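This report concerns only the one structure given below.
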Amino acid sequence: EGRDFTPVQLRIIKKLLLQSLVDLEKAWHAVVPIKVEYVRSESNPQFAMVVTASEIVVVVTIQVILGETARELYLVYPYSMLEPIKEKLYSGLVSDQVDQNGEWSQRFRERLHDCPLPIAVRLGTATVTVKDVMNFSPGDVILLDQHPGDPLDCYIEGHHKFQGSPGIYKGNHACRVTKVLNLS
258 EGRDFTPVQL
268 RIIKKLLLQS
278 LVDLEKAWHA
288 VVPIKVEYVR
298 SESNPQFAMV
308 VTASEIVVVV
318 TIQVILGETA
328 RELYLVYPYS
338 MLEPIKEKLY
348 SGLVSDQVDQ
358 NGEWSQRFRE
368 RLHDCPLPIA
378 VRLGTATVTV
388 KDVMNFSPGD
398 VILLDQHPGD
408 PLDCYIEGHH
418 KFQGSPGIYK
428 GNHACRVTKV
438 LNLS
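Here it is, written out as structure tokens:
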């Protein structure tokens, strides 16, 4: 933020953008066949004037997560572009055409089931002072609020989902799930 992209970064961005445009064409194909063409890139929003300030737009917000970093991607459609096909968008025709036999829903579920989710198992917490941190050395012990034998809390993306007990499995530290909490 606040600086220009390097030539390498620009090439990577363009490659991702071109693939995204192919996917965008495929997504719109169920509504109306379109041809998307890359014209140019602009990284300064001040110069990326696509519509006038008074024009009505539809904004689609997509959260993109890469590793630990999450950013929002905005697709902005001028209303004037969508107006000729608004009846198709409003009708159930599109969803009926796309998923008459549940094929799309099934593929979505299959892909969703294969998505990796980071899980964190918390051994316990402690509160220490800045002075303590500054004086820590190898061998010091930090007293946790968890007692041996207490269930461990398991988190998926920061949400408490399971409880478990610590152990060893195939030579690795592991956690056996002992209780499933609300998964919604």
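Residue numbers (this note's numbering): 258 to 441.
C-beta: ideal position from N, C-alpha, C; glycine also.
Predicted model only: the values in this text are computed from it and were never measured.
In the DSSP assignment, the alpha helix (DSSP H) including residue i goes from what residue to what residue?
i      : result
Phe365 : 360–370
Leu323 : No alpha helix (DSSP H) contains Leu323, which is instead part of the beta strand (DSSP E) from 314–323.
Tyr347 : 343–347
Glu282 : 264–286
Asn392 : 387–392
Shortest alpha-carbon distance to residue i belongs to which of the options?
i      : options                        : result
Thr326 : His430, Glu414, Asp410, Ser300 : Glu414
Glu312 : Arg328, Met338, Ser298         : Met338
Asp261 : Val289, Ser298, Arg328, Val437 : Ser298
Lys271 : Leu323, Ser300, Lys427         : Ser300
Met306 : Pro335, Lys283, Leu438, Arg328 : Pro335
Gly324 : Asn439, Leu274, Pro373         : Pro373
Leu274 : Leu330, Thr318, Gln403         : Leu330
His286 : Ile342, Asn429, Val437         : Ile342
How would you write the range of the beta strand (DSSP E) that residue i sits in, first residue to last?
i      : result
Arg328 : 326–335
Arg379 : 376–379
For the putative contact between residue i and residue j, defined by C-beta atoms under 8 Å, what is the C-beta separation to the nearest angstrom?
i      : j      : result
Val333 : Val321 : In fact, because the Cβ distance is near 16 Å, the residues do not count as touching under 8 Å.
Gly421 : Thr435 : 5 Å
Leu346 : Val288 : 7 Å
Identify the residues that DSSP records as bridge partners of residue i: which are they?
i      : result
Phe419 : Cys411, Val437
Ala310 : Answer is none; Ala310 lacks a bridge partner.
Tyr426 : Asn429
*Do three or more CB pairs link the stretch 270–278 to the stretch 291–307 at distances below 8 Å?*
The answer is yes - the stretch 291–307 touches the stretch 270–278, with three or more Cβ pairs under 8 Å.
*Does the stretch 364–382 come close enough to the stretch 404–411 that 3 or more CB-CB pairs lie under 8 Å?*
In short, these stretches touch, since the Cβ pair count reaches three.
*May I ask you to verify whether the stretch 369–379 touches the stretch 411–429, counting CB pairs closer than 8 Å and requiring at least 3?*
yes
_Stretch pair the stretch 389–396 + the stretch 414–423: three plus CB contacts closer than 8 Å_ = Touching, no, given that fewer than three Cβ pairs across the two stretches are closer than 8 Å.
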